[in-house]
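What follows is a set of notes on a single structure, which appears directly below.
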Amino acid sequence: MVNEFYLNLLILASLYLCGAYTLEMGTPPIYKKSKPILDFSQPIDGEAAEHMHKIFVAGGLMIAALFLCSITGLDEFVLVLPAGCIYWGWSIRSKLKRETGGPLPWVAVYTASPLLFPLFDRRPMLLFDIWTLTVSGLFGLPIVAKALWN
């Protein structure tokens with residue numbers, strides 16, 4: 005059986021990836037315009053297959069890590085999975101920074117206080133980091149607290 009610490013690390017890294025993916029899809033619309041929830045329009049060319057290579061690599065890594073873990077009995081092979089999730093989330097962050105250059109204008113209006121605007125102006129991906137770490141922390145906190153409690 006895999007070490008509980010490694011499983012908690014995998015859960016937190018997966019939650020980081022989910023938070024990054026929600027921002028890429030535009031929910032909440034900080035960096036990219038969001039689509040309506042019940043939008044059943046056809047995807048734009050390349051939009052559906054944009055992440056397919058990463059999904060295949062992630063699936064292959066998962067199968068290889070679990071296979072090596074079961075054959076060798078070493079739990080350390082499972083650490084490949086959280087590293088992959090964090091890498092994928094960081095690549096989403098880099099892509100959004102490259103494509104958008106920062107938050108949408110309505111976000112700048114709400115963060116236009118004299119203290120916050122220079123901070124977000126110098127670091128346009130700070131809202132991305134706050135969102136992903138908050139999502140990971142809020143949903144992962146009960147899991148980590150349970151693991152520490154036992």
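In terms of our numbering, the sequence shown opens at residue 5 and continues consecutively. Beta carbons: idealized from backbone N, C-alpha and C, even for Gly. On a predicted model such as this, the values are computed, not experimentally measured, just so you know.
With 16 or more other CB atoms across the displayed protein chains lying within 10 angstroms of its CB, P107 is buried.
L142 carries a helical assignment under DSSP once its states are collapsed to helix, strand and coil. Ranked by Cα distance from L142, the options L16, W110, N7 are led by L16. In this structure the stretch 22-37 touches the stretch 122-134; the number of beta carbon pairs closer than 8 Å is three or more. If you draw a straight line from the Cα of L14 to the Cα of L85, it comes to about 7 Å.
In the three-state reduction of the DSSP assignment, Y10 falls in the helix class. Your pair L19 and V139 checks out as a contact, with CB atoms roughly 6 Å apart and the cut at 8 Å.
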